[in-house]
Each structure stands twice: as C-alpha cells, then as structure tokens.
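> Sending over a structure as structure tokens; questions will come in a sec.
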Amino acid sequence: MKLGDYARIRTGLVLSRKEAAEEPALRQYTALTLKALTEDGWIDREVTEPYDAATILKREYFTHEVIFY
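Counting the sequence shown from 1 gives a position; my numbering is that position plus 395.
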C-alpha cells in the first residue's frame, strides 16, 4: 500500500516566506510537520508546532479531509 492510495498529497507552503520574524505576528497557526506523524500514520497533536505568520494564509495551505469517491 502507498500513501497516495489513501490521501491526496500536496507540498505545503514554505513557512519561512510568511513567517513573522521581527514584526508582530498577524496570526498564529499550528504547523503540521513530519515530526508530528506517528509510525502508524496518525497525527500527534502534542508534537505540532506554533507558527507566527506575518499574513493571513490561504485556505489551500491547510490540512483538511478529502473524501474520495
């Protein structure tokens, strides 16, 4: 079995491009990285990281459930 059999995978946003480095963050999000994935494929929310963004991010960059028909 391959991951592509169960999910549609897209690369995400390069976080450093939208990061609020020196200026105050406009919005704080939770970043999902590979470190947050367990060996059996679950997301461990305890391992996700806070992300301070300089701009509001588009919805296309968020992880969401997609139903395959």
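Just so it is clear, CB atoms sit at the ideal spot from N, CA and C, and this is done for glycine as well.
None of these values were measured; they are calculated from a predicted model.
Figure out for me which residue from VAL442, ILE438, ALA449, ASP447 has the closest Cα to the Cα of THR458.
Of VAL442, ILE438, ALA449, ASP447, the residue nearest in Cα terms is ILE438.
> Can you have a look at TYR446 and say buried or exposed, based on whether 16 or more other CB atoms are within 10 angstroms of its CB?
It counts as buried.
> Beta carbon of ARG422, beta carbon of ALA448: below 7 Å?
For ARG422 and ALA448, yes; Cβs fall inside 7 Å.
> Span of the alpha helix (DSSP H) holding ARG412?
Unbroken alpha helix (DSSP H) run through ARG412: 410 to 413.
> The beta strand (DSSP E) spanning GLU359 covers which residue range?
Nothing can be reported for residue 359: it is not among the residues displayed for the chain, which extend from 396 to 464.
> In whole angstroms, what separates the C-alpha of THR406 from that of GLU441?
THR406 and GLU441: Cα-Cα distance of roughly 22 Å.
> For GLY436 and GLU460, what's the separation of their Cα atoms in angstroms?
So the alpha carbons of these two residues sit roughly 14 Å apart.
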